[in-house]
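Under the working numbering, think of the first position of the sequence shown as 619, with each following residue one higher. By construction, the Cβ of each residue, glycine as well, lies at the ideal position given by its N, Cα and C atoms. Note that the structure is a prediction, hence the values are computed from the model and not measured. Inspection log for the structure reproduced underneath, given as structure tokens.
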Amino acid sequence: MRAAQPARGDEECVARHGGRSLFDRLRAVVDGLHSRPFPAKRPCGDGMIPYFELRTLPIAGGLSLAVFGTLVALGVFAGVLFAESRARTVGIPARNLHVAIAWVLVPGFALAHVVALLPHVHHAPDWSTSILPQFWNGMSSFGGFLGAFLGLAFHYRRTRASWLVLAEVLVQALVVGWVFGRLGCTLVHDHVGRPSTFWLAIRFPGGPRHDLGFYELLYTMLVLLPAVVVLNRRVRQPGTTICWITQPREPLRSIAHERSSPC
């Protein structure tokens with residue numbers, strides 16, 4: 619009896635794989651995958667955003683303007699204009715608004731400067747009391763918030779007037795001004811974070827790092843400003859804007875600070 623002859627296709631398969639079984643061929647494929655080198659990790663320094671810096675603006679006569687201070691002043695101006703417009707909409711007298719703004723700005727800027735200087739007292743080699751009146755020489759947002767709150771609380775405790783509606787107007791005005799302030803922080807890099815390969819990291823000369831001022835600028839423009847627009851579309855319960863605007867900021871700031879991939 620004649621033995622069965624392998625088909626032509628079987629002969630080609632045997633010639634190609636050397637008579638190996640299906641199991642042997644699968645194992646060879648797996649071994650090949652394990653031996654294949656993985657793509658190299660992206661080296662530190664390949665941050666997505668190029669490094670940029672702008673600290674002064676030259677003007678006529680060899681003089682220059684400090685970018686951060688100029689943007690803070692523009693932020694105050696824009697915030698006051700927004701507050702005046704919003705106060706007219708909700709029926710707050712202009713005099714009441716301007717008095718409240720004064721009680722917010724003066725203690726706010728004063729305490730922001732003091733808190734920023736506290737860590738450097740008797741530690742910085744060039745420390746002297748002459749730095750105290752130089753408000754452009756360091757400001758802390760935490761100190762500013764605390765000073766503004768204490769000033770406003772003292773004012774309304776003294777006058778015993780209702781404050782919640784006006785406080786909402788001031789919080790929204792803060793969001794408008796905050797865009798300019800955080801733009802200044804972004805341009806001068808006041809809040810540099812940890813080394814990172816995050817795709818929004820800034821490619822600093824020493825390697826990519828988080829820039830928390832830049833992150834807060836994005837958060838303010840993409841989240842807080844649209845929230846103010848949406849909240850103002852209709853009349854809401856007093857206090858709603860304060861809750862929506864103030865709650866998410868610090869948790870998100872902490873998350874951004876912790877998000878890092880050290881070099």
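Beta-carbon spacing of residue i, residue j below 8 Å
{"i": "Gly765", "j": "Val690", "result": "no"}
{"i": "Leu925", "j": "Ala718", "result": "This structure cannot speak to residue 925, because the chain is shown only from 619 to 881."}
{"i": "Val708", "j": "Val787", "result": "yes"}
{"i": "Val724", "j": "Gly693", "result": "no"}
{"i": "Thr859", "j": "Leu849", "result": "yes"}
{"i": "Ala920", "j": "Ala696", "result": "Past the edges of the chain, shown from 619 to 881, lies residue 920, and the structure says nothing about it."}
{"i": "Tyr669", "j": "Pro856", "result": "no"}
Contacts around residue i, its chain only, beta-carbon distance under 6 Å, and the 5 residues preceding and following it disregarded
{"i": "Met666", "result": "Trp817"}
{"i": "Gly761", "result": "Leu729, Ala730 and Val733"}
{"i": "Glu834", "result": "Arg800"}
{"i": "Ile710", "result": "Leu784"}
{"i": "Trp721", "result": "Gly769, Leu770 and His773"}
{"i": "Thr967", "result": "Because residue 967 is not part of the residues shown, which for the chain are 619 to 881, the question remains open."}
Contacting residues, own chain, Cβ-Cβ under 7 Å from residue i (five flanking each side not counted)
{"i": "Tyr774", "result": "Trp781"}
{"i": "Leu683", "result": "Thr674, Leu675 and Ile677"}
{"i": "Trp862", "result": "Ala845 and Leu849"}
Contacts around residue i, its chain only, beta-carbon distance under 8 Å, and the 5 residues preceding and following it disregarded
{"i": "Phe686", "result": "Arg673, Trp754, Gly802, Cys803, Leu805, Val806 and Asp808"}
{"i": "Arg654", "result": "Only weak support is given to the placement of Arg654: the predicted model assigns it a pLDDT of 43, under 50, and the value that follows is read from those uncertain coordinates. No residues qualify anywhere along the chain."}
{"i": "Thr838", "result": "Val793, Trp796, Val797 and Arg800"}
{"i": "Asp829", "result": "Thr804, His807, His809, Val810, Gly811, Ala819 and Ile820"}
{"i": "Phe727", "result": "Phe753, Met757, Gly762 and Gly765"}
{"i": "Val847", "result": "none"}
{"i": "Thr777", "result": "none"}
{"i": "Leu715", "result": "Ala701, Glu702, Ala705, Leu784 and Val787"}
Whole-angstrom C-beta distance between residue j and residue i, which should lie under 8 Å
{"i": "Arg821", "j": "Val810", "result": "In fact, because the Cβ distance is near 12 Å, the residues do not count as touching under 8 Å."}
{"i": "Gly825", "j": "Pro813", "result": "6 Å"}
Bridge partner(s) assigned by DSSP for residue i
{"i": "Thr674", "result": "Ala684"}
{"i": "Ile719", "result": "Partner(s): none; Ile719 has no beta bridge."}
{"i": "Phe822", "result": "Gly825"}
{"i": "Ile667", "result": "Ile820"}
{"i": "Val810", "result": "Asp829"}
Residue-level contact to chain D via CB, residue i, 8 Å cutoff
{"i": "Ala701", "result": "The structure shown contains no chain D; it holds only a single protein chain."}
message = Quick check: the region 786 to 802 against the region 699 to 707, are at least 3 beta-carbon pairs closer than 8 Å?
response = yes
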